[in-house]
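Here the structure is laid out as structure tokens; the discussion comes afterwards.
Residue numbers (this note's numbering), protein chains in the order written: chain A, 122 to 233; chain B, 2 to 113.
This is the structure:
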């Protein structure tokens, strides 16, 4: 089954404790991205990747890191999480940057 | 950052009513316009990806039109059903960018 998976689905952590949210897709898509969703603001792109070893900042990259060492995986790293990073996070992949996005199930993160 | 606007922000209709929402986007350097349906507790799912001015797409009772010269798209739902209740997101891609910019969505509630 074609899908995008994310882990964990839910996470409660404390300020400053490094965490990683994993994202994996099995559709051989070149383009992957991370979004955060906050009430009233819609989906905002954090980082995206056009292909392996090619990543770039989206609209709200501050406080986040990503890597793309393999085509299927695109982890999101919060080196020192802060409460303003409490949000719902979605990973997505697509064949091209303008193509239909396939979204993962979402990760709800709470930073205390 | 592109400015993608959706209206109305929320909408309540009775079962059987037809309804429509608007998405406006910058018309310069336009490349693609996406519509997604996002049900509560699920992930956004693609409805349409449109690229050509005058394009019309249809999926069951849902259809969409695109005007790239004036920078707007309409999403229509004919004979709304309670299962149509969801947030409908549009997203625009400009040719010079490598990312989608999402609007904040229209939340539709269909009352039985």
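Glycine included, every Cβ here is placed at the ideal spot set by N, Cα and C. The structure presented is a predicted model; accordingly, all values stated were derived computationally and were not measured.
Can you confirm whether residue 103 (chain B), when its beta carbon is compared against all beta carbons of chain A, has any partner nearer than 7 angstroms? yes
Which stretch, first to last residue, makes up the beta strand (DSSP E) that contains residue 178 (chain A)? 175-178
What span of residues does the beta strand (DSSP E) with residue 60 (chain B) cover, start to end? 57-60
With respect to the beta strand (DSSP E) encompassing residue 181 (chain A), which residues constitute its N-terminal and C-terminal limits? First-last for residue 181 (chain A): undefined, no H or E at that position.
Alpha carbon of residue 144 (chain A) to alpha carbon of residue 49 (chain B), nearest angstrom: 24 angstroms
Validate contact between the region 5-24 of chain B and the region 74-93 of chain B using beta carbons, cut 8 angstroms, 3 pairs: yes
Run through DSSP, which three-state label would residue 18 (chain B) get? coil
Residues from the region 165-190 of chain A in contact with chain B, defined by Cβ distance under 8 angstroms: Within the region 165-190 of chain A, the residues whose Cβ lies closer than 8 angstroms to some Cβ of chain B are 165, 166, 169, 171, 177, 179, 180, listed in chain order.
DSSP state of residue 82 (chain B), grouped into three classes? If DSSP states are grouped into helix, strand and coil, residue 82 (chain B) belongs with coil.
Residues of the region 129-158 of chain A in Cβ contact with chain B at a cutoff of 8 angstroms, in chain order, please. 154, 156
Who are residue 54 (chain B)'s beta bridge partners in DSSP? Residue 54 (chain B) is not bridged to any residue.
Beta-carbon of residue 108 (chain B) versus every beta-carbon of chain A: anything under 7 angstroms? no
Take the Cβ of residue 20 (chain B) as the centre, count every other Cβ of all protein chains shown within 10 Å, and call the residue buried at 16 or more, exposed below. It is buried - the Cβ of residue 20 (chain B) has at least 16 other Cβ atoms within 10 Å.
If I follow the unbroken beta strand (DSSP E) through residue 107 (chain B), where does it start and stop? 107-112
Could you say which of B:109, B:105, B:83, B:73 lies nearest to residue 28 (chain B) if we only look at CA atoms? B:73
Mind pulling the chain B residues with CB within less than 9 angstroms of residue 202 (chain A)? Correct list: empty, because the minimum Cβ distance to chain B is about 23 angstroms.
Check whether the Cβ atoms of residue 167 (chain A) and residue 184 (chain A) lie closer than 7 angstroms to each other. No, Cβ-Cβ distance for residue 167 (chain A) and residue 184 (chain A) is not below 7 angstroms.
Can you grab the Cα-Cα spacing for the pair residue 169 (chain A) / residue 153 (chain A), in whole Å? 6 angstroms
DSSP three-state label for residue 205 (chain A), please. helix
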